[in-house]
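See below for the structure under consideration.
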Amino acid sequence: MSPMALFMITLGIIISTLTVTSANHWLTAWLGLELNMISILPVITKQKHPRSTEAATKYFLTQAMASALMLFSSTLNAWQTGSWDITQLNNKLSCILMISALTMKMGAAPAHFWLPEVLQGSTLTTTLLITTWQKIAPITLLYMISNHIQSNILLPIGLLSILVGGWGGINQTQLRKMMAYSSIAHLGWTMAVISIAPNIALTNIVIYMTVSTPFFLLLTSSSSKTLQTMTTTWAHAPTATIIMMLLLLSMAGLPPLTGFTPKLLILDKLVMHKLTPAATTMAILSLLSLTFYLRTTYLLASTTSPTTTQSTTLWRLKPNYYQITTILTPIALFNITILPALLT
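All the letters of the sequence shown, read from the start, carry residue numbers -23 to -1, 1 to 321 under mature numbering (1 follows the signal peptide of the UniProt record, and there is no 0).
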């Protein structure tokens, strides 16, 4: 891809996301989401491989269907209430349709089927982009309409996403599919609480993006795409292996790492709103995700390659992301110190 084409695609992705996050009119938000979808398609098909073409096709069809549903919902709301304002989604049917559209765009259950297949057909860098940056626009819209959403609508979606994310990731040996189900599970935590405490939901998704970004960058540097290839990283890059292990434990939500903070806050808010059964169910379902996180951590830290090669491996010749990783890793691991401030 030429530098000019890469610049234009990057500019389109950034501008489209900023358009959605700063919009107060449904048509402006819809236009930004369409521009975002068109901008990301060349990035997915960059490999010139049938799997990439298949992934781009699935992504396009799913996003186009969600955009049509979103446009229909906003038009129905404008017809009933006379307002195109995003924060004035007062029609109940429009609200349900909008939740369905945004759920499909984010890849939360039960509209999650496209996400693992699209990520498996993309590069690790594109996978990072889809699981982090591409979530910003729909999460922002969901945050803006959160005061019109009843918890009995989003709470089942959140519980189902946590279940699907944990259950689907257990048998995965492909890291991209495993991280897709991890993304689904974390979206479940966000959606379960966004109608009750939208700021905590936003904190949860931001922390997930902060934790997953250095993990994906380390996977890209080591060219690790399966669990089997991860077992050889200990002999070549022990420091990176330790960091990846800690990042996985942080995503699992183990204290005192950063991933524990939003989960504790979410459970605390659910209990405060007398939703203790839902909080208990979420805590139990999170053990499914913990299973494959601990399995991957074990493969990283407790196994060593039988033979240590002395030749220069291919991933040493690839560009690294040490600067970004060095900045994000401490934040992704040790901002548990701000927990007392968040709790108050």
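All C-beta atoms in this analysis are idealised placements derived from N, C-alpha and C, irrespective of residue type, glycine included.
These numbers were taken from a predicted model, which means no experiment stands behind them.
When DSSP reads this structure, D62 sits in a beta bridge with H2.
By the criterion of a C-beta distance shorter than 6 Å, I116 is surrounded in its chain by I182, once the five residues flanking it on both sides are discounted. The residue among S(-8), A256, I184 and A174 with its C-alpha nearest the C-alpha of P133 is A256.
If you compare the alpha carbons of T197, I130 and M47 with that of A169, the shortest gap goes to I130.
In the three-state scheme derived from DSSP, where H, G and I count as helix and E and B as strand, T117 is classed as helix.
In chain order, L137 place their CB closer than 7 Å to the CB of P87, counting only its own chain and leaving out the 5 sequence neighbours on each side. The beta carbon of W61 sits closer than 6 Å to the beta carbons of H2, W3 and A55 from its chain, once the five residues preceding and following it are set aside; these are given in chain order. Assignment of Q149 by DSSP, reduced to helix, strand and coil, places it in the coil class.
Checking the DSSP bridge columns, you'll see T203 partnered with Q151. Three or more beta-carbon pairs separated by less than 8 Å link the segment 153 to 166 to the segment 266 to 273, which places the two stretches in contact.
Cβ neighbours of S50 within its own chain (closer than 7 Å, five residues either side excluded): S71, L74, M75 and A78.
With contacts defined as CB atoms closer than 8 Å, A6 and I21 fail to qualify as a contacting pair.
Just measuring C-alpha positions, the residue of N67, T108 and F193 sitting nearest G84 is T108. Taking 8 Å as the cut-off, the beta carbon of T210 is found no closer than this to the beta carbon of S227.
Counting along the chain, no alpha helix (DSSP H) covers I173, and no H or E run does either. Setting aside the 5 residues that flank it on each side, Y185 is surrounded in the same chain by H163, each with a C-beta closer than 7 Å to its C-beta; the list follows chain order.
At the C-beta level, I139 and S263 come within 8 Å of one another. Contact between L276 and T208 holds, since their C-beta atoms are separated by about 5 Å, short of 8 Å. By the CB criterion at 8 Å, T(-3) and I177 fall outside the cutoff.
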